[in-house]
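Numbering (my numbering), first residue to last: 10 to 382.
Glycine included, C-beta positions come from ideal geometry on N, C-alpha and C.
Please read these numbers as outputs of a predicted model, since none were measured by experiment.
To start, the structure itself, in structure tokens.
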């Protein structure tokens, strides 16, 4: 049976996604095929917004486009009142082509080119999230030449290690992302940005990792960030207008996964921000969260067509499909686990444990490892 309650089975025994028969979708459009349940995405957006309104009125939900970005997704996200986080010129182009309001766009990226920074300036995006001192210096030069003064967030590294795949940890000290708080580098960057006539320092951003199930990690990040906000305010004389804690909430890929809800995340984070602000004498900033996977992840399925089946005596049974690493590299990169369903037999219990493999040239091209769960 399907992993999620919103995925159903019709009277033909076929998987149904967003009211559509998955077998018919595969027949009409071919495979591999990404299928997204619009209703599920909308309900996730609304759950996040409602939780923020309850626990931290005035806070913002900004969808992390790296989870899935097309012009259609941009329009859907815009219609639900969320902001949009982009990480490249291509993603920014997609958002603008979809008519997404630029003032609701947060432009991320750890290695933005001059052309990308100029593109962000020309579009007058809502925030440029500055990832390094070198980027800050370059942005000042480009902003001065353009005659525009962008609102920026400084991305800082709080030094929080989370329990997830090592490639998904982004907030630890030795990270390619952000300016380290340790050693005073982030404070120096804050001083420079606050004094600059070419950029407007609006606040600070951090992101501690991906596919996180432990709410305590987010609380720890709040503690580090609020301590830094107090230090930065004393040094610069400016109170942070925004605290952007990024995203990272995990989702359910297998029966064993038990992720917290958006409600639980926001309740925990909001309480921590209020508690830390009071303890440190820091004004409450606008709270920003950037969920991506937890908005679209369980709303989507990938449909494949089974090709050859190979049973190795004393070994595995290999089921080859017409996709693989090219459309989903997560298994090879992160050893990710998925749940597989036979779309034309979705109501039947599994009868065997198999490895679902792609058709690439290496043995690492695998879609589901030994049944997935």
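Collapsed DSSP secondary structure at residue i in the structure displayed
i           : result
residue 54  : helix
residue 190 : coil
residue 83  : helix
residue 304 : helix
residue 181 : Per-residue confidence for residue 181 stands at a pLDDT of 47, beneath the threshold of 50, marking its modelled position as unreliable; the derived number appears in the next sentence. Correct three-state label for residue 181: coil.
residue 166 : strand
residue 264 : coil
residue 347 : coil
residue 309 : strand
residue 278 : helix
residue 25  : strand
residue 329 : strand
residue 157 : coil
residue 355 : coil
residue 32  : helix
residue 364 : strand
residue 342 : helix
residue 48  : helix
residue 299 : coil
residue 3   : Because the chain here runs from 10 to 382, residue 3 falls outside it and cannot be looked at.
residue 254 : coil
residue 202 : helix
residue 172 : A caution first: residue 172 carries a pLDDT of 45, below 50, which makes its placement in the model unreliable, though a value can still be read off. Looking at residue 172 - three-state DSSP - the assignment turns out to be coil, as it is neither helix nor strand.
Close beta carbons around residue i, own chain, < 6 Å, minus the five adjacent residues each side
i           : result
residue 281 : 228 and 231
residue 299 : 71, 73, 94, 255 and 256
residue 336 : 41
residue 242 : 248
residue 203 : 210, 245 and 247
residue 96  : 75, 117 and 118
residue 83  : 104, 107 and 109
Reference residue i; option with closest CA among the options
i           : options               : result
residue 279 : 293, 369, 289 and 333 : 293
residue 63  : 74, 271 and 124       : 271
residue 346 : 260, 297, 273 and 283 : 260
residue 112 : 133, 189, 325 and 33  : 133
residue 46  : 37, 20, 265 and 29    : 29
residue 66  : 334, 327, 366 and 283 : 283
residue 99  : 321, 264, 324 and 116 : 116
residue 92  : 118, 19 and 135       : 135
residue 37  : 314, 219, 234 and 369 : 314
residue 296 : 224, 69 and 323       : 69
residue 323 : 185, 83 and 363       : 363
residue 186 : 167, 193 and 192      : 167
Nonlocal neighbours in the same chain, by C-beta distance under 7 Å from residue i, ignoring five residues either side
i           : result
residue 121 : 144
residue 34  : 42, 44 and 312
residue 244 : 196, 199 and 200
residue 78  : 100 and 103
residue 208 : 148, 149, 152, 158, 159, 161 and 202
Chain B within 7 Å of residue i, Cβ atoms only
i          : result
residue 70 : The chain labelled as chain B is not found in the depicted structure, where only one protein chain is given.
Own chain partners of residue i with C-beta closer than 8 Å, once the 5 adjacent residues on each side are dropped
i           : result
residue 258 : 221, 268, 269, 271, 274, 300, 302 and 303
residue 266 : 222, 259 and 260
residue 22  : 353, 354, 355, 356 and 357
residue 19  : 25 and 30
residue 80  : 103, 106 and 107
residue 289 : 235, 236, 238 and 239
residue 127 : 151 and 155
Take every Cβ of the stretch 42 to 55, pair it with every Cβ of the stretch 294 to 309, and state whether three or more of those distances are shorter than 8 Å. yes
For the stretch 57 to 73 and the stretch 341 to 355, state whether three or more C-beta atom pairs, one from each stretch, are separated by less than 8 Å. no
With a floor of 3 residues, list each beta strand (DSSP E) that falls wholly inside the stretch 55 to 141, ordered by position along the chain. With a minimum length of 3 residues, the continuous beta strand (DSSP E) runs that stay inside the stretch 55 to 141 are 69 to 73, 92 to 95, 114 to 116 and 136 to 139.
Give the list of continuous alpha helix (DSSP H) stretches no shorter than 4 residues that lie fully inside the stretch 209 to 248. 224 to 245
Decide yes or no for the touch test of the stretch 207 to 215 against the stretch 245 to 255: beta carbon pairs closer than 8 Å, at least 3 of them. The stretch 207 to 215 vs the stretch 245 to 255: in contact.
The stretch 147 to 154 / the stretch 97 to 107 touching (three or more Cβ pairs under 8 Å): no
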